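Have a look at the structure below, then the notes.
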């Protein structure tokens, strides 16, 4: 709280949260009774949610207002094998060609299949240094919350909003509430940021963050690398929050410095000076606060069909009768039927057909390194298949330079090209009906990875240990 | 966008919570580059079950979907809204909607109405008792009415006005482009640009 005395009038100014600061810095227009009009610093687009938006522009004779703040990649619907050949599915090919033609027509930069900068939008933005603290970043994809790891206000939008941003570089938005998620303590070996976020979602449920921007705080968060922070912010949407963010610090600045689009020289100094102001004031008041003890966390895994249905890997499949909330009980009953699981079965007894390592949640170089360190010298279990899909072409090249591809291949895993792949099963990378996966992705919805497929969400470490043993496992079980 | 002032139709009870947008329309149906034709993907996996509520003939004419809590979670795909509209739904009622889905629906003219869970359950019961039950959703008075029972719902005045006038946001923002231009003048120089390509 600050007290300002001006012309004899004493005014009390309450501190602001990080989210409020970034919000206030982007208000283009504020009128009573209307949503704020916010300026958008970076608009990422991809082939699935943009074609109808470009069509809308054409129909009304509008242009892309700021092509220089817009970037397109191909990720959701592209194959991860034989990427040098034409896309086999004609409907997928039409969608990708439509993006290419739209980008050409409207002057938007695009990184197409085969380009060294191609990859999942949320991996590419940070990697190019385009994701920076204090920015507003949007994309027609709910995992845009990933970029919040840099202290940016980043959120997913629908196609109508994509068109709105293309045309005006702004969005009318109602101001969200703020929630602090305090994670204190230190993680035990084998426990990762994926386990933190799965534990948070299990605690507050898939609707707990609805209407809020989450701010992840505390010593356990401060200790995380940028990539680990991205994993946490990525899954904010799975708790119902459109955005989640972390205050930038030296770890953030070090990650950005030297990247292609990082500020340079005097501009770097000006940027860092501004970025250092981007933290919640000590007296800022959050609308809600929750607490989590990092010391108590262990590897986490989901048992059901929404990301809130998670438990420690050492536990057993829960009994729906133990849920007091009737909605939760019904949902749990349905989930166990769909997942073909019996209450009381130890999670570690569950056999896994496919291990998927990849996605915008866990498809970065640190994730591949962590998994490779466990896979090295081992073999993927006889009845299990492991797919490794780097988050971007750059991640793939980096991994190959470090010999990680050879470790995965020697173990019998598949080494593929970059894309969203089996995270959403839009391209040919899908589970067969009844097949069960351990997946480092973000959603265990019914059929998410292929019609009739069953998904258990896990960290890259659990994914690697599971691939070796063929049942849900942590590295400690090896 | 078509104006939405009121709608009268029959309902369909979807007694499920956490209906995510992957259930509303699975990813494999998202490959179209148009805004129409998504009705075949609506609840595609569930519709393969003959007992699924959408397959019941008594609900075949329904235009008001009454669903469990946390409707529309997950992916931001606006195709979920288009699929519901293409199929013929005008209104979705639930006790809680996911933020992105709700935003998409209200931009596209699919009215999402939030009622307390007890009212949702009362409505489920009434529809199941009489599938031909006439339900009216009125934006003027912000009420849902059936069988002489009327319950009011909240919607901010701005969104209500926009829906009732059938105005699209882009046209409204275009009226204030001078504010955008002024804002752009004072943006910090260190903010990144995607062009020219520097990688």
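Protein chains in written order, with our numbering: chain H, 1 to 478; chain Z, 479 to 677.
Glycine included, each C-beta is placed from N, C-alpha and C at the ideal position.
These figures come from a predicted structure and were not determined experimentally.
Subject >> Any chain H beta carbon closer than 8 Å to residue 668/Z >> reply: At least one chain H Cβ lies under 8 Å of residue 668/Z.
Subject >> Beta carbon proximity, residue 576/Z to chain H, threshold 8 Å >> reply: Using beta-carbon distances, residue 576/Z counts as an interface residue toward chain H, with a partner under 8 Å.
Subject >> Beta-bridge pairing of residue 184/H - partner residues as DSSP gives them >> reply: When DSSP reads this structure, residue 184/H sits in a beta bridge with 293/H.
Original post:
CB residue 301/H to CB residue 458/H, shorter than 8 Å?
Top reply: In this structure, residue 458/H lies closer than 8 Å to residue 301/H by Cβ.
Subject >> Helix, strand or coil at residue 194/H [DSSP, three-state] >> reply: It is helical.
**OP:** Following the continuous beta strand (DSSP E) through residue 139/H, name the residue where it begins and the one where it ends.
**Re:** From DSSP, the beta strand (DSSP E) with residue 139/H extends over 136 to 139.
Subject >> Whole-angstrom distance between residue 354/H and residue 412/H, CA atom to CA atom >> reply: Distance between the alpha carbons of residue 412/H and residue 354/H: 12 Å.
**OP:** Give every residue of the same chain whose Cβ lies closer than 6 Å to the Cβ of residue 616/Z, excluding the five residues on either side of it in the sequence, and list them in chain order.
**Re:** Cβ within range, chain order: 484.
Original post:
First and last residue of the beta strand (DSSP E) that includes residue 485/Z?
Top reply: 484 to 487 is the extent of the beta strand (DSSP E) around residue 485/Z.
Original post:
Comparing alpha-carbon positions, which option in 497/Z, 490/Z, 481/Z, 482/Z lies nearest residue 305/H?
Top reply: With distances taken between Cα atoms, residue 305/H lies closest to 497/Z.
**OP:** Spell out the partners DSSP gives residue 479/H in its beta bridges.
**Re:** Only positions 1 to 478 of chain H appear in the structure, and residue 479/H is not among them; the question remains open.
**OP:** List the endpoints of the continuous beta strand (DSSP E) containing residue 172/H.
**Re:** That run of the beta strand (DSSP E) goes 170 to 173.
Original post:
If you draw a straight line from the C-alpha of residue 252/H to the C-alpha of residue 424/H, how long is it?
Top reply: For residue 252/H and residue 424/H, the distance between alpha carbons rounds to 29 Å.
Subject >> Exposure label - residue 59/H; buried when at least 16 CB within 10 Å >> reply: It counts as exposed.
Original post:
beta strand (DSSP E) containing residue 439/Z: first to last residue?
Top reply: Given that chain Z is displayed from residue 479 to residue 677, the structure contains no residue 439/Z and the question cannot be resolved.
**OP:** Determine whether the Cβ of residue 106/H lies closer than 8 Å to any Cβ atom of chain Z.
**Re:** So no, residue 106/H is outside the interface.
**OP:** Can you grab the Cα-Cα spacing for the pair residue 117/H / residue 601/Z, in whole Å?
**Re:** So the two alpha carbons sit approximately 52 Å from each other.
Original post:
Assuming residue 45/H and residue 119/H make a contact with CB atoms under 8 Å, what is their CB distance in whole Å?
Top reply: About 14 Å; that fails the 8 Å criterion.
Subject >> Closest residue to residue 115/H among 474/H, 144/H, 396/H (Cα-Cα distance) >> reply: The shortest CA-to-CA distance from residue 115/H to any of 474/H, 144/H, 396/H is the one to 396/H.
**OP:** Using a Cβ cut-off of 7 Å, pull out every chain H residue sitting near residue 513/Z, in sequence order please.
**Re:** Ordered by position in chain H, the residues that pass the 7 Å Cβ test against residue 513/Z are 52.
Subject >> Closest residue to residue 627/Z among 517/Z, 652/Z, 643/Z, 604/Z (Cα-Cα distance) >> reply: Ranking 517/Z, 652/Z, 643/Z, 604/Z by Cα distance to residue 627/Z puts 604/Z first.
Original post:
The beta strand (DSSP E) with residue 387/H in it runs from where to where?
Top reply: Annotation: the continuous beta strand (DSSP E) that includes residue 387/H extends over 385 to 389.
**OP:** Check distances from the C-beta atoms of the segment 417 to 428 of chain H to those of chain Z and list, in chain order, the residues that come in under 8 Å.
**Re:** Residues of the segment 417 to 428 of chain H with a Cβ closer than 8 Å to any Cβ of chain Z, in chain order: 424, 425, 426.
Subject >> Where residue 591/Z sits in the DSSP three-state scheme >> reply: Three-state result, residue 591/Z: strand.
**OP:** Could you spell out the range, first to last residue, of the beta strand (DSSP E) harbouring residue 216/H?
**Re:** Per DSSP, residue 216/H belongs to the beta strand (DSSP E) from 212 to 217.
Original post:
Roughly how many angstroms separate the alpha carbons of residue 177/H and residue 419/H, rounded to a whole number?
Top reply: Going from the Cα of residue 177/H to the Cα of residue 419/H covers about 33 Å.
Original post:
Anyone know if the C-beta pair for residue 247/H and residue 162/H falls short of 8 Å?
Top reply: Between residue 247/H and residue 162/H, the C-beta gap is not smaller than 8 Å, which leaves the two residues out of contact.
Original post:
What whole-angstrom Cβ distance do residue 188/H and residue 362/H have, given they're in contact under 8 Å?
Top reply: The pair is not a contact, with the Cβ atoms about 19 Å apart (cut-off 8 Å).
Original post:
Can you list the beta strand (DSSP E) stretches of 3 or more residues lying completely in the segment 276 to 339 of chain H, in chain order?
Top reply: Fully enclosed beta strand (DSSP E) runs of 3 or longer: 288 to 293, 300 to 302, 310 to 312.
Original post:
Whose C-alpha, out of 320/H, 68/H, 327/H, 326/H, is nearest the C-alpha of residue 333/H?
Top reply: The shortest Cα separation from residue 333/H among 320/H, 68/H, 327/H, 326/H belongs to 320/H.
**OP:** Kindly list, in the order they appear in chain H, the residues whose Cβ is closer than 7 Å to that of residue 555/Z.
**Re:** By Cβ distance, chain H contributes 49.
**OP:** Take the Cβ of residue 507/Z as the centre, count every other Cβ of all protein chains shown within 10 Å, and call the residue buried at 16 or more, exposed below.
**Re:** Answer is buried; the Cβ neighbour count reaches 16.
Subject >> Nearest candidate by alpha-carbon position, reference residue 277/H, set 7/H, 13/H, 25/H, 371/H >> reply: The shortest C-alpha separation from residue 277/H is found at 25/H.
Subject >> Segment limits, beta strand (DSSP E) that includes residue 243/H >> reply: For residue 243/H, the enclosing beta strand (DSSP E) begins and ends at 243 to 245.
Original post:
On the three-state DSSP scale, how would you describe residue 48/H?
Top reply: Three-state result, residue 48/H: coil.
Original post:
Using the C-alpha atoms, what's the distance from residue 430/H back to residue 100/H?
Top reply: Taking the straight line from one Cα to the other gives about 25 Å.
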